[in-house]
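Protein chains in written order, with our numbering: chain S, 1 to 310; chain R, 311 to 660.
Taking it in order: structure first as structure tokens, then the write-up.
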Amino acid sequence: MADLVLILSILVATMRAATPLLFAGLGELVAERSGVLNLGVEGMMLVGAAVGFAAHAVTGSFVLGLLAAILAGAVMAALFALLTLRLLANQVATGLALTIFGVGLSALIGLPWAGVPATGLPAALWPGLAHDSPALQQVLLLLDPLVWLAFAAVVAVDRFLRRSRAGLTLRAVGESAEVAHALGTKVLRIRFLAVLFGGAMAGLAGADLSLAYTPMWVENMTAGRGWIALALVVFSTWKPWWLTAGALLFGFVTIAQFQAEAFGLSFSPDLLATLPYLATIVVLVLISRDATRLRLAAPAALGKPFRPSD
Amino acid sequence: MRLEKREAPSAVMLWAAPLLAAAASVVLAGLLFVVLRVNPLAALRLLYLAPIASANGVAELALKMTPLLLCALGIAIGVRANVWNIGAEGQFTMGAIAGGGVALTLGPAGGWYVLSLMLVAGILGGMAWAAIAASLRVGTNAHEILTTLMLNYIAQNILSWLVHGPWRDPQGFNFPQSKTFASAATLPSLWGTRLTPIFFVALLAAPCAWVLLQRTTAGYRLRVAGLAPAAARYAGFSASSTVWLSLLIAGGLAGLAGIAEVAGPIGQLVPTISPGYGYAAIIVAFLGRLEPFGIVVASALMALLYLGADGLQMHMQLPLSLTGTLQGMLLFLLLAGDVRVANRVVWRRG
């Protein structure tokens, strides 16, 4: 029983740590599939985390907190879309600007609540477990509704991209905007919606951090998760299930930091904290080595601006 | 509104766009102050004028300009060659660690050569950190945007480990900081201010970067690689050497900025040595149109924002995070203004 609890606790903690990466990664995956590279994920996540926390603190409602974060992420993404899609600004530079802006803005918004702990999102109920094993219950309590929502979102996005007409159109826009335009597709509208979805998901990922995973607001609390999510999208070769595998791998690396201490390994916490970043570099190297395969997997129009000629 | 592509980029808009963006950002900053419920005119005065109202203020501005200018020159050379180095922050940190390591190893011993060794070690430290990203890009095709960014976080954690552990000052009351550098390991300060001679090195780096880009074959190759990658390939310019050259230059400049900061105003290794200079330098590079002389002006403006935010915190209790917000806004406005460089805006009645 003790072993089972240990294995389960590692599994559950892995899923929990993977959840924010899944939200942010899925959003970016959809945006990139439409041909838009938004490097502002980190900034949108941070603004989502701050706004979500603030909205929850003011209203006392988790749902309103999450919705506010989703809205905030979408507003940030709309700013990016306006600049890159409407004004044809460079996507890389604009995405970087979005991140720098988001880091500052989130610190400004979150200032009144910095370091104030909050009550976390109520966990899903597990009837029946209470009597059997308190240890097991403790473990399963970590699986709050947002974890389930993230994994449901994987299924939904995967089905949307592969099985729906709208998903097909979105992929077509990401492969060749010119061809899609010639066929009468509203390229800019689809890209705008895809970018907006990416922002909303990044905002949700941020709120997942500040309201559920580590329920508090700290400046820069995403600690590069937005960038790791971007790397995971490349690693996944733009496929939702591979993204899930990558996110779980990263969830495991993240908790390995804490587990190492539990297993009696005395190692500097600062050096252990480099593990997720090292792992990001390793997975990028592994996936990028086959340049041809990566180029074939990537949306062909990724990062290329589209100028409608009428 | 419709955009029509210009046949050639507008020379007027090329330089008017950053000026317009700067002007618009002043207006937006004023609006932000209204939202934050402070007197906007008084706040704007504190932000843009008060920092440079005294000779000492101008020296502080030059001091803040130094890391921004050095890092931005490197970033701009990279972007001109289509190499996106987002790792100035980490290269800066590694320069500080490498140079600081020399200072701590030599301790109070040694003479004039200590500083030279530290500066060389700082430059090499930054270059070595950038070389990781370069070799990953050249050897395994891993894109430098993400690898340099990850290396920033790793460098920050290494610094934190060093000052909490092996390099912590035993007499430092358990504070996470190294011993203060000996006087032989500290940059001289000029005219009774905190300004160090590295400012003039940074100023000199701008014309050097211009000569490299405009007057040398290596610079020509970098520019062709950025403007027309296919043409560069066709001409037989090595893509690997473009990546290596631009990243090594950027790493060396950022490393110099890092060691100048810890051997100058800071005087020891502490957990946080940069308030985001490496990221702000990206904005500086774009604001300066990726041109060395434009970058000199842009770095002064960005340094002013840092100093102004300090003043706002001191006199109006506004948070320092205003700096990032204002910097981000400035870059957005610039990118939005840039649309006029390549395009003509045609207003049409719907």
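All C-beta atoms, glycine included, are put in the ideal place defined by N, C-alpha and C.
C-alpha distance - S:Leu125 paired with S:Leu111, whole-angstrom precision: Per-residue confidence for S:Leu125 stands at a pLDDT of 47, beneath the threshold of 50, marking its modelled position as unreliable; the derived number appears in the next sentence. Using only the alpha carbons, I get a separation of about 33 Å.
Residues that S:Val75 contacts on chain R, provided the C-beta gap is smaller than 9 Å: Chain R residues near S:Val75: none, gap ~13 Å exceeds 9 Å.
Beta-carbon proximity of R:Ala391 to R:Ala541, cut-off 9 Å: no
Beta-carbon contacts of R:Leu375 that lie in its chain and below 6 Å, excluding the five residues immediately before and after: The question names Leu, yet the displayed sequence has Met at residue 375 of chain R. Counting only Cβ-Cβ distances below 6 Å, and skipping sequence neighbours, we find Ser609, Ala610, Ala613.
Within-9 Å CB hit, R:Tyr358 to chain S: Put simply, the CB of R:Tyr358 is far from chain S, with every gap to its CB atoms at 9 Å or more.
Member of S:Ser9, S:Ala18, S:Gly48, S:Leu96 whose CA lies at the smallest distance from the CA of S:Asn38: S:Leu96
Reduced DSSP category for S:Leu125 - H, G, I as helix; E, B as strand; rest coil: Residue placement at S:Leu125 cannot be trusted, given a pLDDT of 47 that sits under 50; the coordinates are not used to answer.
Where R:Asn395 falls, given that 16 or more other Cβ within 10 Å makes a residue buried: buried
Minimum Cβ-Cβ distance from S:Ile281 to chain R less than 9 Å: Closer than 9 Å to some Cβ of chain R, the Cβ of S:Ile281 qualifies, so yes.
Three-state class that DSSP yields for S:Val218 in the structure shown: Of the three classes helix, strand and coil, the one that applies to S:Val218 here is coil, per DSSP.
Where R:Leu313 falls: helix, strand or coil (DSSP): Strand.
R:Gly410 versus R:Ser499 - alpha carbon distance: C-alpha separation (whole angstroms): 18 Å.
Same chain only: Cβ atoms within 7 Å of R:Leu313, ignoring 5 sequence neighbours per side: Val649, Asn653, Val655
Interface flag, R:Ser470 vs chain A, CB-CB below 9 Å: Among the chains of the structure shown, chain A does not appear; the protein chains present are S and R.
Within 9 Å, strictly: CB atoms of R:Gly441 and R:Trp554: The question names Gly, but residue 441 of chain R is Ala in the sequence shown. Closer than 9 Å, so yes.
Straight-line Cα distance separating S:Arg225 from S:Val218: Those two C-alpha atoms are separated by around 14 Å.
Residues, ordered as in the chain, of the stretch 592–615 of chain R that lie near chain S by beta-carbon distance below 8 Å: Ile592, Ile593, Phe596
Rounded separation between R:Ile433 and S:Asp144 - CA only: About 49 Å.
Whole-angstrom distance between R:Gly598 and R:Trp520, CA atom to CA atom: 13 Å
CB contact check: R:Ala492 to chain S, cutoff 9 Å: no
S:Ala231: CB within 8 Å of a non-hydrogen atom of the ligand COA: You won't find the ligand COA in this model; it holds no ligand whatsoever.
Nonlocal neighbours in the same chain, by C-beta distance under 8 Å from R:Ile569, ignoring five residues either side: Residues of the same chain with a CB within less than 8 Å of the CB of R:Ile569, apart from the 5 flanking positions on each side, are Gly405, Ala406, Ala408, Gly409, Gly410, Met428, Leu429, Ala431, Gly432, Ile433, Gly435 in chain order.
Residues near S:Ala89 in its chain [Cβ-Cβ closer than 8 Å; skip 5 each side]: These residues qualify, in order along the chain: Leu83.
Contact under 9 Å by Cβ, S:Val173 with S:Ala182: no
Helix, strand or coil at R:Pro361 [DSSP, three-state]: helix
Contact list for S:Gly104 against chain R, beta-carbon separation under 8 Å: Ser631, Leu632, Thr633, Gly634, Thr635, Leu636, Gln637, Gly638
R:Arg654, DSSP secondary structure in three states: In the three-state scheme derived from DSSP, where H, G and I count as helix and E and B as strand, R:Arg654 is classed as strand.
Backbone secondary structure at S:Ala223 - three-state DSSP: In the structure shown, S:Ala223 sits in coil (DSSP, three-state: anything other than H, G, I, E or B).
Stretch pair the stretch 74–82 of chain S + the stretch 10–22 of chain S: three plus CB contacts closer than 8 Å: no
Neighbourhood of S:Ala301 by C-beta distance below 7 Å, restricted to the same chain and skipping five residues each side: Gly35, Gly174, Glu175, Ser176, Ala177
S:Pro117 - partner residues in DSSP beta bridges: S:Met216
R:Leu513 versus R:Val389: straight-line alpha-carbon distance, rounded: 20 Å
Within-9 Å CB hit, S:Ala17 to chain R: no
8 Å contact criterion, which R:Pro575 and R:Arg504 should meet: CB distance rounded: 5 Å
CA-to-CA distance, S:Thr237 to S:Leu79, given in whole angstroms: 27 Å
R:Leu379: contacting residues in chain S (beta-carbon distance under 7 Å): Chain S residues near R:Leu379: none, gap ~18 Å exceeds 7 Å.
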